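For the working numbering, count along the sequence shown from 1 and bump the result up by 13. Written out below as structure tokens is the structure these notes cover.
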Amino acid sequence: MTSTTSAAEPLPTVEDSWARIDAWLAEHAPLSRALLRPPASPGAIAAAEQRLGLTFHPDLVASLRCHDGTELSEGAPVFALNGPFAGITGIVDNTLFLRDVGEDVEDAYDDEDDHELNAYWRHEWLLITHGVAWDAQDGLFLTCRAGDDYGRVGDYFNEDAPSFSEWPSLRAALSAFADALERRLPIGGRIPLAVDGALIWEEPTRAVKARPTSLLDLAARTPEPGPPPAPRPEPPGNGTYATIGFVRSRAPEPHQPDVVFAEGVHPDELLPRAGVVGRETVRARTHAEAARSAASPWAAARPLVRAGRCGGWGFVTQSAGTEQLTRPEVLRRLARDTRVVALTKRGPEVRVTVYENGAPYADGAHDRLVSSPREDYVRLPDGDWAQTVGVDPWPGSTAAYTDLLAGLRDACGIDFDPDRVRDEPLSSGLVLPVLEDIPEWSRRPVSEIRHLDLDALVERTPEPRLRTALAAQLRRLAAETGLDTHPEATLVLAAVDRGERPELVEDGPLDLRMRTLVAEATAARPALEPSWRRGRDAPELPVTREDFEAWQLRADAADTLRRFLQLPLPIAAASILHRRLSEEWRDELDRDLEARGTARGN
């Protein structure tokens, strides 16, 4: 929250703040101003106090005497993410509801702790805004409970503990509301805007780090870790000591990796199909060497795969990193002009998947799935459950993997020995993960985006003009996010400006740049996590949250460019306008449309 009212200056009265709010809305957002209700009568306020069994704080009485809340209709003047102010009826109904809920959970709180916030909902609290969803799930509350916190404003959310807001009073909150409207100041990370006669709140223009730290560049300068040094024997101490004990050793877990077999494909061809780019990281590695290298800064969080031959079949297996061999995007590439059989294991599930010529074979008719129950929990004599340590949680899936592998040997002649493959040096390399398929749900048309009637815009704008205007918006997005610093993107954007419709070619320059941006964001993502959540042996990364956000925004902008190239224009438009970072994007869209013969509002 930001306000222009200095702590040393006296706060404006509730009436003065409402007068400023009314004046701004009347000038800039008359539709929202019209939805503010008339003042509440003293009799109505008294009746509400009697029904709730408490006396309203003077700030609330003064506010209700200005406006009895807001009509809950489209365009209602909301107080940022806190929602519209409630009138007497809403305050009474929501407060009574929350009192009932609070009685059901009161046993979870310490009766002897008298702190104001030691409660789910206190009898003296009033929900004074309707929240994001315009109901009693969240909103601002005002405490009318006598004591040091009398008159304070708090934040309520039904899935979290209540807390006090930054405003010490409703009077201060209304003053901040007026300041925000008059000077476009943020509240809760949103700024007020007047759009088509209504008040809306959006994120302000974001500052994006221009030169984010590249962990992939750092990885290219980092040597791959070698074998660990042999442990040095400790010299004997004075005297002789012996400790004898009997410990039941845990049987080693069987090596049952994800593996994809490709009929008649050489291992050197399987690596690039799996996503390995170039030969810089390709060499022979055992499973242990691959796992150790993939966990180091040299890998920059990229997966590492190994490829070999098994009779007439090539195979690729993954040693570490985010799972790749279960992805349909990868299976389609591996099955290009051949047949592939994937054997994968995920906890209780073991799956056989067959693809041929880049598509699921026979619509999945030959796929197999075996699911097994977890067996490492036992019931104790007292009825409680306990977990058994040192056993296989899913012995059924372990056995199923072995059985399905034997079936592949009988049916396809695939004689694969996981233990031998684990210790054998195989050709291997780091994967630059292929792009994910655009999800089906995001391919559907949307009628409105960020309070813009997208359906109406598409209907009234000729397709060539709309395409050209959206290309201009796409170029603005590229500039905002830094995507235009990559020549592969700028070349395509220039072609779009010329009216061309370039294709996104698999493994082409733009495709590789898009994959690299996603890999950069993935590598920097641990910067979001607190140190206590990272693994004990996880290396310290020289990146910050700002680095991650910059890479993620570039990756998102690249995804938007991909949608512009591959999807129908109205669907691509939703992605472009949704991801614009400037708070002035509507005015810029108007200019782009007017320059091409139409306007957003006409």
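Glycine included, every Cβ here is placed at the ideal spot set by N, Cα and C. Please read all numbers here as calculations on a predicted model, not as lab measurements.
C-alpha distance - residue i paired with residue j, whole-angstrom precision
i: Val-318; j: Thr-535; result: 18 Å
i: Pro-555; j: Glu-607; result: 46 Å
i: Pro-25; j: Thr-494; result: 40 Å
i: Ala-75; j: Ser-54; result: 11 Å
i: Pro-446; j: Thr-557; result: 23 Å
i: Ser-16; j: Gly-152; result: With a pLDDT of 48 at Ser-16, under the threshold of 50, the predicted position of this residue should be treated as unreliable, though the coordinate-derived value follows. So the two alpha carbons sit approximately 20 Å from each other.
i: Ala-32; j: Leu-85; result: 21 Å
i: Ala-304; j: Gly-334; result: 8 Å
i: Val-260; j: Val-404; result: The predicted model places Val-260 with a pLDDT of 46, which falls under 50 and marks its position as unreliable; any figure quoted below should be read in that light. Rounded to whole angstroms, Val-260 to Val-404 spans 14 Å at the Cα level.
i: Ala-502; j: Glu-388; result: 52 Å
i: Gly-360; j: Asp-161; result: 54 Å
i: Val-289; j: Asp-230; result: 17 Å
i: Leu-465; j: Asp-605; result: 15 Å
i: Ala-424; j: Pro-438; result: 27 Å
i: Val-518; j: Gly-426; result: 36 Å
i: Thr-481; j: Arg-158; result: 60 Å
i: Arg-599; j: Ala-47; result: 24 Å
i: Val-365; j: Arg-435; result: 20 Å
i: Glu-476; j: Val-509; result: 14 Å
i: Ser-182; j: Gly-210; result: 30 Å
i: Arg-50; j: His-80; result: 5 Å
i: Pro-267; j: Ala-307; result: 21 Å
i: Leu-496; j: Arg-567; result: 5 Å
i: Glu-9; j: Glu-137; result: No answer is possible for residue 9: the residues shown for the chain start at 14 and end at 615.
i: Arg-456; j: Pro-23; result: 53 Å
i: Pro-238; j: Thr-330; result: 21 Å
Endpoints, beta strand (DSSP E) assigned at residue i
i: Leu-317; result: 317-323
i: Ala-399; result: 398-400
i: Thr-330; result: 326-333
i: Asp-151; result: 151-156
i: Trp-138; result: 138-140
i: Val-273; result: 272-276
As assigned by DSSP and simplified to three states, the class of residue i
i: Val-166; result: strand
i: Ile-427; result: coil
i: Pro-373; result: strand
i: Glu-227; result: Per the sequence shown, residue 227 should be read as Ser rather than Glu. DSSP places Ser-227 in coil when its eight states are reduced to three.
i: Phe-177; result: strand
i: Val-518; result: coil
i: Ser-306; result: helix
i: Ile-104; result: helix
i: Ala-378; result: coil
i: Ile-200; result: strand
i: Ser-595; result: coil
i: Leu-513; result: According to the sequence shown, residue 513 is Glu rather than Leu. Three-state result, Glu-513: coil.
Those residues which DSSP pairs with residue i across a bridge
i: Ala-297; result: Ser-440
i: Lys-358; result: Val-363
i: Ala-207; result: Leu-212
i: Phe-98; result: Thr-142
i: Arg-352; result: Glu-369
i: Arg-392; result: Trp-398
i: Glu-453; result: Note: Glu-453 sits in no beta bridge, so no partner.
i: Thr-83; result: Leu-49
i: Val-383; result: Val-363
i: Glu-461; result: Asp-466
The alpha helix (DSSP H) enclosing residue i, as first and last residue numbers
i: Ala-492; result: 476-494
i: Ala-507; result: 500-510
i: Glu-559; result: 558-579
i: Ser-76; result: 71-77
i: Ala-57; result: 55-65
i: Thr-190; result: The sequence shown places Phe at residue 190, rather than the Thr named in the question. Residues 183-196.
i: Val-27; result: 27-41
i: Ala-469; result: 467-473
i: His-591; result: 582-592
i: Pro-341; result: 341-347
i: Leu-283; result: 280-287
Under 9 Å between C-beta atoms of residue i and residue j
i: Ala-191; j: Ser-30; result: yes
i: Pro-270; j: His-300; result: yes
i: Leu-594; j: Met-527; result: no
i: Pro-97; j: His-143; result: yes
i: Thr-102; j: Gly-115; result: no
i: Ala-99; j: Ile-141; result: yes
i: Leu-421; j: Leu-356; result: yes
i: Ala-563; j: Lys-222; result: yes
i: Leu-506; j: Ala-586; result: no
i: Arg-155; j: Trp-134; result: Before going further, note that residue 155 is Leu rather than Arg in the sequence given. Contact flag unset, no.
i: Leu-194; j: Trp-37; result: yes
i: Arg-298; j: Ser-332; result: yes
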